[in-house]
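Student: Here's a structure for you.
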């Protein structure tokens with residue numbers, strides 16, 4: 001029998017699944033967005049984001065102003081765990097096995113399906129997509145999960161991602177995180193903290209990052225980013 005599990009928003013309620021159980025997604029019709037966006041820019045007047053200012057799809061970059069703080073596209077996110085051999089997982093997403101490296105993320109794109117596979121710890125991977133559902137992600141990964149007697153947990157409702165980009169983005173992050181931001185390279189995937197918030201940091205490009213936090217902490221993280229950005233003497237495009 002297939003069992004379902006949804007990652008709870010409260011960390012104290014989360015339990016690590018046993019390696020021999022198969023966990024599949026549940027209906028998330030009540031899903032809501034935790035954040036609204038704004039751009040930090042020297043000339044931007046206060047106002048709400050329009051469509052042209054929303055972050056681009058996963059894996060794509062554009063030419064940002066000096067600093068952008070915006071919600072990343074709502075991405076379906078599945079945690080795939082217990083993977084002892086990455087070859088079946090790579091094959092499931094039409095990737096060379098060597099592309100799945102510890103501490104890195106990779107974009108798999110085929111037939112209109114775009115999926116980022118990001119390392120999330122030993123034997124753990126996060127599969128994220130803004131083009132297909134969590135159920136479809138699990139369907140594609142099912143053989144790899146079965147081969148390793150692994151697990152799949154739908155985290156789509158439990159995580160929120162924030163895009164941080166622009167020339168000032170590395171400097172802002174350097175003041176928030178206890179790591180050497182300059183030593184990071186495009187494609188890195190790591191867990192760290194920012195002002196006391198646990199984050200999953202993806203380096204999308206030299207000056208573009210995505211910060212994933214628990215949804216219950218997203219608003220506080222958002223406000224922290226806006227507050228710390230004032231040190232750069234820029235105007236914040238605040239929400240009314």
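Numbering (the working numbering), first residue to last: 1 to 240. Where a beta carbon is used, it is the ideal one built from N, C-alpha and C, also for glycine.
Could you give the DSSP three-state label for residue 156: helix, strand or coil?
Tutor: coil
Student: Could you spell out the range, first to last residue, of the alpha helix (DSSP H) harbouring residue 179?
Tutor: Element bounds for residue 179: n/a, residue is neither H nor E.
Student: Is it buried or exposed for residue 108, if we count other Cβ within 10 angstroms and need 16 for buried?
Tutor: buried
Student: Below 6 Å CB to CB, which residues in the same chain sit around residue 152 once its five sequence neighbours on both sides are set aside?
Tutor: 23, 78, 80, 138, 145
Student: Excluding the 5 residues flanking residue 72 on each side, which residues of the same chain have their C-beta closer than 7 Å to its C-beta?
Tutor: 55, 161, 162, 163, 210
Student: Along the chain, which unbroken stretches of the beta strand (DSSP E) at least 3 residues long are found entirely within the region 184-224?
Tutor: DSSP runs (the beta strand (DSSP E)) wholly in the region 184-224: 189-194, 197-205, 208-214.
Student: Are residue 202 and residue 125 touching if we call contact CB-CB under 7 Å?
Tutor: No, they are not a contact pair.
Student: Could you check if residue 76 is buried or exposed, using at least 16 other CB atoms within 10 Å of its CB as the buried criterion?
Tutor: buried
Student: So residue 191 and residue 213 are in contact, right, with Cβ under 8 Å, and what is the actual spacing, rounded?
Tutor: Their Cβ separation, rounded to whole angstroms, is 11 Å, which puts residue 191 and residue 213 out of contact at 8 Å.
Student: Quick one, are the C-beta atoms of residue 195 and residue 176 less than 7 Å apart?
Tutor: Yes, they are a contact pair.
Student: Output the distance between the C-alpha atoms of residue 143 and residue 222, rounded to the nearest integer angstrom.
Tutor: Using only the alpha carbons, I get a separation of about 38 Å.
Student: Smallest Cα separation from residue 140: which of 204, 117, 158?
Tutor: 117
Student: If you follow the beta strand (DSSP E) that residue 77 is in, where does it begin and where does it stop?
Tutor: 76-81
Student: Give, in chain order, every unbroken run of the beta strand (DSSP E) that is at least 3 residues long and sits entirely within the region 84-171.
Tutor: For the region 84-171, whole beta strand (DSSP E) runs of length 3 or above, ordered along the chain, are 105-110, 113-119, 125-129, 151-154, 159-165.
Student: Between residue 121 and the rest of its own chain, which residues show a CB-CB distance below 8 Å, the 5 nearest in sequence each way excluded?
Tutor: 191
Student: Looking only at its chain, what residues have a beta carbon closer than 8 Å to the beta carbon of residue 308, apart from the 5 residues adjacent to it on each side?
Tutor: Outside the modelled stretch of the chain, which goes from 1 to 240, sits residue 308, for which no answer is possible.
Student: Suppose contacts are defined by Cβ-Cβ distances below 7 Å. Is residue 102 in contact with residue 119 by that definition?
Tutor: yes
Student: I think residue 94 touches residue 114, with their Cβ atoms under 8 Å apart; what is that distance to the nearest whole Å?
Tutor: The Cβ separation is near 12 Å, so there is no contact.
Student: Let me know the secondary structure DSSP gives residue 174 once reduced to three states.
Tutor: helix
Student: By Cβ distance below 8 Å, which residues in the same chain neighbour residue 186 in space, the five residues on each side in sequence not counted?
Tutor: 203, 204, 205, 206
Student: Alpha carbon to alpha carbon, how far is residue 172 from residue 158?
Tutor: 25 Å
Student: Could you name the residues of the same chain whose beta carbon sits closer than 7 Å to that of residue 131, not counting the 5 residues immediately before and after it, in chain order?
Tutor: 112, 113, 114
Student: DSSP three-state label for residue 231, please.
Tutor: helix
Student: Straight-line CA distance for residue 166 to residue 179?
Tutor: Linking residue 166 to residue 179 through their CA atoms gives a straight-line distance of about 19 Å.
Student: On a CA-only basis, which of 127, 110, 219, 91 is nearest residue 189? Give me that one, please.
Tutor: 127
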